[in-house]
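Taking it in order: structure first as structure tokens, then the write-up.
6 protein chains.
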Amino acid sequence: MSDFDPPMATVRELVQRALAEDLGALGDLTSVAVVPADARNSARFVARAAGVVAGTAAGAEVCRQVDPALVVSWAAADGDRVGGDDEIGRVEGPLRSILVAERTALNLLGHCSGVATLTRRYVDAVDGTGARIRDTRKTLPGLRALEKAAVRAGGGFNHRESLSDAVLIKDNHLGGLPLRDAVERARARWPGRIVEVECDTLEQVAEAKAVGPDLVLLDNMAPDQVAEAVAVLGGSLPVEASGGIDLGTARAYGEAGADFISVGAITHSAPALDLALDLE
Amino acid sequence: MSDFDPPMATVRELVQRALAEDLGALGDLTSVAVVPADARNSARFVARAAGVVAGTAAGAEVCRQVDPALVVSWAAADGDRVGGDDEIGRVEGPLRSILVAERTALNLLGHCSGVATLTRRYVDAVDGTGARIRDTRKTLPGLRALEKAAVRAGGGFNHRESLSDAVLIKDNHLGGLPLRDAVERARARWPGRIVEVECDTLEQVAEAKAVGPDLVLLDNMAPDQVAEAVAVLGGSLPVEASGGIDLGTARAYGEAGADFISVGAITHSAPALDLALDLE
Amino acid sequence: MSDFDPPMATVRELVQRALAEDLGALGDLTSVAVVPADARNSARFVARAAGVVAGTAAGAEVCRQVDPALVVSWAAADGDRVGGDDEIGRVEGPLRSILVAERTALNLLGHCSGVATLTRRYVDAVDGTGARIRDTRKTLPGLRALEKAAVRAGGGFNHRESLSDAVLIKDNHLGGLPLRDAVERARARWPGRIVEVECDTLEQVAEAKAVGPDLVLLDNMAPDQVAEAVAVLGGSLPVEASGGIDLGTARAYGEAGADFISVGAITHSAPALDLALDLE
Amino acid sequence: MSDFDPPMATVRELVQRALAEDLGALGDLTSVAVVPADARNSARFVARAAGVVAGTAAGAEVCRQVDPALVVSWAAADGDRVGGDDEIGRVEGPLRSILVAERTALNLLGHCSGVATLTRRYVDAVDGTGARIRDTRKTLPGLRALEKAAVRAGGGFNHRESLSDAVLIKDNHLGGLPLRDAVERARARWPGRIVEVECDTLEQVAEAKAVGPDLVLLDNMAPDQVAEAVAVLGGSLPVEASGGIDLGTARAYGEAGADFISVGAITHSAPALDLALDLE
Amino acid sequence: MSDFDPPMATVRELVQRALAEDLGALGDLTSVAVVPADARNSARFVARAAGVVAGTAAGAEVCRQVDPALVVSWAAADGDRVGGDDEIGRVEGPLRSILVAERTALNLLGHCSGVATLTRRYVDAVDGTGARIRDTRKTLPGLRALEKAAVRAGGGFNHRESLSDAVLIKDNHLGGLPLRDAVERARARWPGRIVEVECDTLEQVAEAKAVGPDLVLLDNMAPDQVAEAVAVLGGSLPVEASGGIDLGTARAYGEAGADFISVGAITHSAPALDLALDLE
Amino acid sequence: MSDFDPPMATVRELVQRALAEDLGALGDLTSVAVVPADARNSARFVARAAGVVAGTAAGAEVCRQVDPALVVSWAAADGDRVGGDDEIGRVEGPLRSILVAERTALNLLGHCSGVATLTRRYVDAVDGTGARIRDTRKTLPGLRALEKAAVRAGGGFNHRESLSDAVLIKDNHLGGLPLRDAVERARARWPGRIVEVECDTLEQVAEAKAVGPDLVLLDNMAPDQVAEAVAVLGGSLPVEASGGIDLGTARAYGEAGADFISVGAITHSAPALDLALDLE
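If you read the protein sequences in the order shown, they are chains A, B, C, D, E and F.
First residue of the first sequence? That's 8 in my numbering, and the numbers climb one at a time after it.
First residue of the second sequence? That's 8 in my numbering, and the numbers climb one at a time after it.
First residue of the third sequence? That's 8 in my numbering, and the numbers climb one at a time after it.
First residue of the fourth sequence? That's 8 in my numbering, and the numbers climb one at a time after it.
First residue of the fifth sequence? That's 8 in my numbering, and the numbers climb one at a time after it.
First residue of the sixth sequence? That's 8 in my numbering, and the numbers climb one at a time after it.
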């Protein structure tokens with residue numbers, strides 16, 4: 008189990024669904040018609056663009072489920088940077104099986120590596136500022152575990168995995184309830200858990216400071232507002248900047264003193280890393 | 008059932024998984040702690056950017072599964088263009104239930120609408136050329152049915168749904184086998200089905216013309232090569248351009264005479280459409 | 008819940024799978040292309056041949072899962088005999104939904120009614136002899152609950168539902184172990200459960216009589232051998248005839264004194280009852 | 008992967024369900040009570056009647072899931088003809104495991120081989136006429152992939168795998184819409200896909216010829232009507248005969264010039280091939 | 008397959024769910040952070056209290072699903088008595104994998120062994136009286152197969168596995184219907200199956216005797232009432248005592264002549280056996 | 008959604024499995040044979056012993072899945088104390104459906120209420136000491152969400168929901184690594200998450216104090232050791248006592264100053280609350 012592996016029970020189930028989806032009721036018409044049943048081959052997973060690898064556990068599971076006779080080995084591990092044309096791994100075995108596995112394996116590797124690559128770009132953008140890049144719950148349905156693992160492979164960190172592992176109080180929850188009361192209710196109901204508070208204004212930040220949650224999430228603030236908020240808090244609480252941050256502005260948020268910068272785009276809008284499977 | 012609905016059996020299962028994933032074992036800590044059990048509210052799904060809507064069937068299913076007491080209505084249908092701040096729909100009912108449904112519904116709507124929006128940009132780019140935009144099998148695992156429906160909502164067309172519904176012969180299948188033999192084998196094994204042939208060179212196009220598949224897929228050719236291939240074929244076969252086509256070059260492919268332009272990016276690399284749920 | 012309903016939890020899951028299987032990733036291409044979204048219609052489930060109805064609960068569940076707006080009503084209940092052209096039921100609602108539900112509903116109704124119809128033919132064949140027709144574990148994978156319910160609808164009775172509800176000792180289990188020992192082990196391990204013994208010869212029948220199981224299953228015996236076996240047993244034990252019995256010979260087995268006649272063919276080889284859905 | 012293997016992801020899931028269904032909560036009462044835990048044996052899968060083998064991949068998967076210690080080998084491959092008493096394959100290992108696997112493996116092999124055998128009879132019946140036998144969507148719920156593979160093993164061909172892979176316009180879709188309009192809508196909505204048209208009369212055939220779909224399906228026509236329809240079409244379109252065709256009439260349809268003959272009975276009404284597992 | 012193994016298909020599915028539940032979306036935060044990826048270890052499953060072992064098949068399956076590189080061996084088999092500090096088994100392999108498997112394996116082993124241990128205490132309590140301890144349908148949802156196997160490992164016997172394997176007529180079913188009629192209906196509808204009758208009074212016992220079911224279940228009677236009932240029945244029918252029986256009173260029921268004593272508590276209220284996994 | 012409801016997606020899936028398990032392939036033999044199809048009734052869920060109610064959402068879901076015609080209403084809510092013979096709720100509708108739902112509903116309600124009741128006894132035992140009772144990951148496989156909700160209904164609090172929501176460093180993770188390094192690695196890998204440290208000795212407590220995790224878990228210490236540890240920590244860190252704590256000793260731990268007392272027994276060893284369904 009590497010540092011960047013998603014839980015295997017989840018991977019296994021996802022791969023089963025993905026293969027069912029891609030094979031339909033008849034299987035691979037083309038291979039059955041054109042490729043001899045006894046043809047064997049080897050093939051290389053190759054990057055067509057520079058990026059960060061992720062999803063190798065899922066890629067290997069695809070091969071295993073398609074045909075236990077396929078042998079997979081990786082030249083790159085999750086988290087490794089690769090350049091265009093770099094080999095990521097190899098698969099050997101019956102050619103029909105390789106061709107059946109190809110697209111599903113590439114779809115998983117490409118998406119996970121895309122998430123890792125975009126995460127890494129944000130991580131690099133804030134390098135030296137002390138800020139850390141975090142994901143959100145804005146993940147693609149059914150793919151959260153893989154995407155969160157890919158974020159880590161890209162050098163990022165995981166925020167909440169679900170509604171169930173931390174309290175995050177937003178305006179929508181309050182409905183007129185004073186923030187202090189809300190935090191107290193949360194502490195009372197879920198003692199020993201992280202309680203975070205979302206603030207849209209400096210007044211709210213000051214109020215949050217007085218109340219004392221575990222973290223203040225600054226929503227849709229400009230970098231200079233973040234800097235002011237950090238000043239207001241005076242180091243009393245960690246600060247997370249969130250909302251509308253892109254690669255062009257991320258560094259400014261880091262320099263403004265945000266401890267965390269959360270970016271929904273690294274999971275919901277990451278372009279796939281361009282990968283291919285080259286037969287030898 | 009609208010023209011752009013994915014099969015409901017698939018939607019139901021995906022939403023069940025997505026909710027399980029987002030709720031974890033404890034459910035929504037924050038709402039339970041902070042929001043009164045009897046609070047009711049209404050909220051608006053709103054676009055924060057211009058785009059094309061898709062995924063409303065999935066969004067409605069999320070609300071239904073979270074709480075049958077939630078009432079959803081849509082101001083926009085799948086396929087509609089919306090501008091920033093346009094209302095897409097509304098949900099009314101118990102506030103806790105609205106907040107539980109929010110993220111999963113937005114994740115689905117945002118991704119589907121993102122696919123539809125990017126598809127529409129390609130469709131608009133080739134407008135008037137006669138070319139049609141098609142998707143590929145490069146979809147995100149578990150989301151194929153929703154993404155293919157979103158492609159249609161964006162004005163695109165669906166290529167193969169799985170390995171099982173058409174033959175597509177690529178270099179990897181041939182391994183020295185003459186193309187003619189491969190097509191004959193495919194016709195013999197799968198009579199009455201579409202047989203497509205991928206060509207990388209004009210020589211292969213000429214060979215394909217002689218063999219007579221149902222479509223020629225031109226892989227990674229520049230627009231002028233596509234034009235030459237179209238000339239070679241002389242209208243005898245429909246032509247699909249594929250590989251490395253982006254928004255900047257798509258029109259040139261259409262003008263070169265491609266009947267179809269397939270773009271993996273509309274499913275594997277579509278940024279989410281920015282949507283929000285605003286409480287009233 | 009009628010007398011012939013299979014467990015609904017099982018039906019629901021089977022219908023979900025059946026619809027996923029029949030709709031693929033894109034759904035019903037034809038209806039979406041050709042039928043207006045707002046067209047409504049009613050249609051009649053009609054028998055094209057005489058038979059016994061079964062599977063209405065599954066048929067209704069198909070309609071419910073395809074579209075809650077479909078309204079189904081039945082003119083015939085499970086277990087009813089119908090003649091060619093008799094109406095079995097009706098469905099009303101959006102035409103696209105009717106057409107999507109049609110094939111899956113007919114496949115389920117046709118198979119269940121086929122099982123019920125063939126069962127009924129056997130039941131009628133032994134009418135008056137006192138023998139009862141029973142099914143076996145020779146059911147189609149995934150369809151056991153529906154098939155066993157259909158057997159009852161056809162006037163038959165259910166033998167074991169699984170390996171788990173009764174002991175049935177065959178030659179393969181013995182491997183040299185005396186029958187008495189085997190029955191004693193079974194009684195000791197599973198007290199209070201039915202213990203049945205399969206016999207191939209009259210010697211075994213005599214041995215079984217001495218041992219005293221709950222039932223003797225006569226495997227592949229001719230009717231006159233069955234009569235002899237019944238005479239040997241002298242009413243001390245119920246007798247089930249099994250193996251190679253067809254519609255032409257069933258009555259002879261009943262007249263030979265078999266209490267039960269088990270017929271694998273009523274589940275594994277029942278031709279579908281010819282049904283159609285006629286639009287109005 | 009042989010030419011006649013169904014997708015393994017589907018097989019695995021079906022076998023898991025089939026075993027759960029047959030084992031119930033307690034497992035095999037009889038084996039546990041009567042057979043020593045350490046008994047080992049070998050057994051032969053044997054045909055009791057002549058036919059065509061199919062379903063070996065599913066049979067092997069049953070053994071694998073019951074006990075990885077079971078070793079299976081096949082003497083016959085899917086598609087092979089066997090005579091009564093011919094050995095199909097062997098399984099060796101713990102006797103309890105063999106007995107647990109027996110019924111589920113035989114149910115799958117028997118049904119698939121039954122489908123293959125009946126298909127083969129139709130294929131043989133039309134031998135030399137040039138007609139090919141095709142299946143339909145009239146498959147047993149949950150078993151489509153296995154049945155379609157078995158049809159191929161029997162020498163037949165696969166028609167649509169789902170509603171999602173080709174357009175087939177029937178009377179029910181039209182509701183007054185001219186056929187030309189319907190085909191145009193289908194071509195517009197689903198370009199690059201097969202569009203088939205069902206005709207009940209020669210007038211419709213003539214209309215279809217004018218419109219130009221990819222195939223004409225002649226529904227419930229007598230062989231001489233089919234011959235007329237073929238004459239009307241004059242080779243312009245492939246022709247599929249469908250509806251009410253049985254072993255006695257199939258050849259006449261082939262001689263009438265049908266390119267395809269589709270027969271629902273080969274999947275929905277195929278009697279199981281009589282197979283047994285003989286212990287050695 | 009040992010005598011006390013639950014069906015493996017059920018175990019596999021349960022373990023998959025249990026691991027998904029315990030790993031969440033991120034997996035084991037602690038191991039990933041603290042334990043080197045290449046650390047290997049061995050560990051001993053150890054009893055912290057005396058009891059009877061059960062659930063080893065499930066425990067082994069947990070290790071297999073977490074990491075095929077884990078090697079498990081058992082020092083004790085299901086059904087064995089162990090004392091405090093006795094080793095039950097060992098697991099060797101990657102330390103991260105051991106720690107991920109630990110809790111789920113212990114939860115399964117501890118619960119199954121708890122059921123076996125409590126069952127054994129009841130079995131021992133009635134030792135020599137001739138009564139056998141049986142379970143009920145009062146099992147924990149999703150765990151029935153494992154609990155029923157554990158009851159056997161503890162020396163107990165299994166009553167009904169589901170509503171589907173025997174008839175048990177209670178007051179709630181009768182609603183004024185005479186018992187004789189009810190039993191006749193049951194015999195008519197489900198011939199060849201066990202029909203049991205629940206009695207609350209001696210009058211009902213006398214009535215039952217006259218009617219002749221396969222077993223009389225005495226509900227909530229004191230031991231002396233049971234003795235009277237046994238006298239009334241005079242050995243004509245087996246008797247099961249049920250309801251409110253605990254370890255202190257069980258023996259009295261055995262001495263009163265009950266053939267079976269069914270105890271819901273052995274499944275629904277068995278405390279877990281205290282087990283631990285000790286690293287070496 | 009009440010404060011004590013588990014996530015409905017999880018409940019729905021569990022109930023589906025539980026009903027499949029209890030109904031087998033044939034359904035409720037007894038009701039079908041004995042109870043008229045049109046009989047209707049009402050029935051009361053009644054406590055036979057004093058306790059705390061939990062699991063009503065699951066109980067209602069059972070009725071809904073068995074038969075939408077069943078109407079359920081609750082007299083007690085999750086978290087309410089009830090005395091023996093108190094009514095908890097009522098169900099009305101077809102009698103067969105009530106009887107089918109009965110056992111599964113009672114199994115769920117009885118187990119959840121058992122967990123809530125035992126939790127409440129611990130909560131009452133420490134009343135006034137300031138200590139809070141927490142659960143552990145020692146839950147029954149597949150039932151975690153329901154058990155954790157029941158703990159809350161009993162006045163307890165939830166510790167980790169999975170391995171994925173907090174770091175808890177035990178001896179097994181360290182393997183010679185200094186605690187400080189381990190905590191630093193955890194903080195580095197999972198910033199913004201709770202990091203807990205398990206201590207077995209006062210030396211470790213002192214070390215933990217120096218390192219500064221978010222909580223110290225004192226494993227298997229006697230109350231006076233806990234008091235010493237609390238003194239060592241001097242209020243710098245919250246303290247959780249764990250291991251071998253029972254109802255007799257819990258209060259002593261509270262008085263020793265533990266902030267939390269975690270008790271595996273409330274989930275893995277809670278006897279079911281005795282409940283019944285009384286027909287009217």
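The beta-carbon is built from N, C-alpha and C at its ideal position, and this holds for glycine as well.
This one's a predicted model, so the numbers in the text were calculated from it and none came from an experiment.
Query - Member of Glu94/F, Leu102/F, Gly62/F and Gly162/F whose CA lies at the smallest distance from the CA of valine 78/F - result: Here residue 78/F refers to the residue found at position 71 of the sixth sequence. The residue with the shortest Cα to Cα distance from valine 78/F is Leu102/F.
Query raised in the report: Taking 8 Å as the CB-CB limit, is serine 104/D close to chain E?
Result: The count along the fourth sequence starts at 1 and reaches residue 104/D at position 97. True, the Cβ-Cβ gap to chain E drops below 8 Å.
Query raised in the report: Who are the neighbours of threonine 101/C on chain B, taking C-beta pairs under 8 Å?
Result: In the third sequence, counting from the first residue as 1, residue 101/C sits at position 94. The question names threonine, yet the displayed sequence has proline at residue 101/C. Residues of chain B whose Cβ lies closer than 8 Å to the Cβ of proline 101/C are, in chain order, Met8.
Query raised in the report: Around the C-beta of arginine 187/E, are 16 or more other C-beta atoms found within 10 angstroms, so that it is buried, or is it exposed?
Result: Your numbering for residue 187/E matches position 180 in the fifth sequence. By the 10 Å Cβ count, arginine 187/E comes out exposed.
**Report entry** Beta-carbon gap between isoleucine 268/B and alanine 259/B smaller than 8 Å
**Finding:** Locating residue 268/B in the second sequence gives position 261, counting from the first residue. Locating residue 259/B in the second sequence gives position 252, counting from the first residue. Cβ distance not < 8 Å, so isoleucine 268/B and alanine 259/B don't count as in contact.
Query - the segment 150 to 161 of chain C contacting the segment 105 to 123 of chain C, beta-carbon criterion three pairs below 8 Å - result: yes
Query raised in the report: Looking only at its own chain, which residues have a Cβ that is under 8 Å from the Cβ of valine 69/D, when we skip the five neighbours before and after it?
Result: Numbered from 1 along the fourth sequence, position 62 holds the residue referred to as residue 69/D. Once the five neighbours on either side are set aside, the close Cβ partners of valine 69/D are Val22, Ala25, Leu26, Ala108, Thr111, Ala112 and Leu115.
Query raised in the report: Looking at the C-beta of alanine 44/A, does it have a partner C-beta in chain D at a distance below 8 Å?
Result: Reading the first sequence from its first residue, position 37 is the one you call residue 44/A. Proximity of alanine 44/A to chain D, defined by a Cβ-Cβ separation below 8 Å, is satisfied.
Report task. Apply the 10 Å Cβ neighbour rule to glycine 295/D and answer buried if 16 or more other Cβ atoms are within range, or exposed otherwise. Result -> The shown model of chain D, from 8 to 287, leaves out residue 295/D, and the question about it has no answer.
Report task. Note down, in chain order, every chain C residue with its Cβ under 9 Å from the Cβ of proline 198/E. Result -> Taking the first residue of the fifth sequence as position 1, residue 198/E is located at position 191. By Cβ distance, chain C contributes Arg139, Arg141, Phe164, Pro245, Asp266 and Phe267.
Query raised in the report: Measuring CB to CB, does threonine 37/B end up less than 8 Å from histidine 180/A?
Result: Translated into positions along the second sequence, residue 37/B becomes position 30. Translated into positions along the first sequence, residue 180/A becomes position 173. Their beta carbons are under 8 Å apart, which means threonine 37/B touches histidine 180/A by this criterion.
Query raised in the report: If you run the structure through DSSP and keep just helix, strand and coil, what is aspartate 285/D?
Result: One-based indexing of the fourth sequence puts residue 285/D at position 278. Strand.
Requested in this report: Starting from asparagine 179/A, trace the beta strand (DSSP E) both ways and give me its first and last residue.
Outcome: Within the first sequence, residue 179/A is the residue found at index 172, counting from 1. Premise fails: asparagine 179/A lies in the alpha helix (DSSP H), 178 to 181, not in any beta strand (DSSP E).
Query raised in the report: Which one or two residues does DSSP pair with phenylalanine 11/A in a beta bridge?
Result: As a working mapping, residue 11/A is identified with position 4 in the first sequence. In DSSP, phenylalanine 11/A forms no bridge with anything.
Query raised in the report: Looking only at C-alpha atoms, which of Thr146/B, Ala132/B and Leu147/B sits nearest to isoleucine 140/B?
Result: Along the second sequence, read from residue 1 onward, the residue named residue 140/B stands at position 133. Residue Ala132/B is the option with its Cα nearest to isoleucine 140/B.
Query - Proximity of isoleucine 252/C and aspartate 142/C at Cβ, strictly below 8 Å - result: One-based indexing of the third sequence puts residue 252/C at position 245. One-based indexing of the third sequence puts residue 142/C at position 135. Contact: no.
**Report entry** Contact check, valine 59/E vs arginine 127/E, beta carbons under 8 Å
**Finding:** Here residue 59/E corresponds to residue number 52 of the fifth sequence, with the count starting at 1. Here residue 127/E corresponds to residue number 120 of the fifth sequence, with the count starting at 1. Yes, the pair counts as a contact, with Cβ atoms nearer than the cut-off.
Query - Counted within 10 angstroms of its Cβ, other Cβ atoms place arginine 47/F as buried (16 or more) or exposed - result: Sequence index remark: in the sixth sequence, residue 47/F carries index 40 (1-based). Exposed, since its Cβ has fewer than 16 Cβ neighbours within 10 Å.
Query raised in the report: Looking at chain F, which residues of the segment 202 to 236 of chain A have a Cβ within less than 7 Å of any of its Cβ atoms?
Result: Leu222
Query - Partners in chain A for arginine 144/B, counting only beta-carbon separations shorter than 7 Å - result: Translated into the one-based positions of the second sequence, residue 144/B becomes position 137. In chain order: Asp29 and Arg110.
Query raised in the report: Closest to glutamine 232/B by CA distance: which of Leu254/B, Gly90/B, Ala213/B and Pro14/B is it?
Result: Sequence index remark: in the second sequence, residue 232/B carries index 225 (1-based). With distances taken between Cα atoms, glutamine 232/B lies closest to Ala213/B.
Report task. Answer with buried or exposed for serine 80/B, where buried requires no fewer than 16 other C-beta atoms within 10 angstroms of its C-beta. Result -> In the second sequence, counting from the first residue as 1, residue 80/B sits at position 73. Exposed is the call here.
Query - Min CB distance threonine 124/F to chain B below 8 Å - result: Taking the sixth sequence and counting its residues from 1, the one referred to as residue 124/F is at position 117. No, its Cβ sits nowhere closer than 8 Å to a Cβ of chain B.
Requested in this report: Indicate the three-state DSSP secondary structure (helix, strand or coil) for glycine 261/F in the structure shown.
Outcome: Here residue 261/F refers to the residue found at position 254 when the sixth sequence is read from its first residue. In the structure shown, glycine 261/F sits in a helix (DSSP, three-state: H, G or I).
Query raised in the report: Mapping DSSP to helix, strand and coil, what is alanine 248/E?
Result: As a first step, residue 248/E is located in the fifth sequence; it is residue number 241 there, counting from the start. Secondary structure at alanine 248/E: strand, using DSSP grouped into helix, strand and coil.
Query raised in the report: What's the C-alpha gap between glycine 31/F and serine 169/D?
Result: Taking the first residue of the sixth sequence as position 1, residue 31/F is located at position 24. Taking the first residue of the fourth sequence as position 1, residue 169/D is located at position 162. In a straight line, the C-alpha of glycine 31/F is about 31 Å away from that of serine 169/D.
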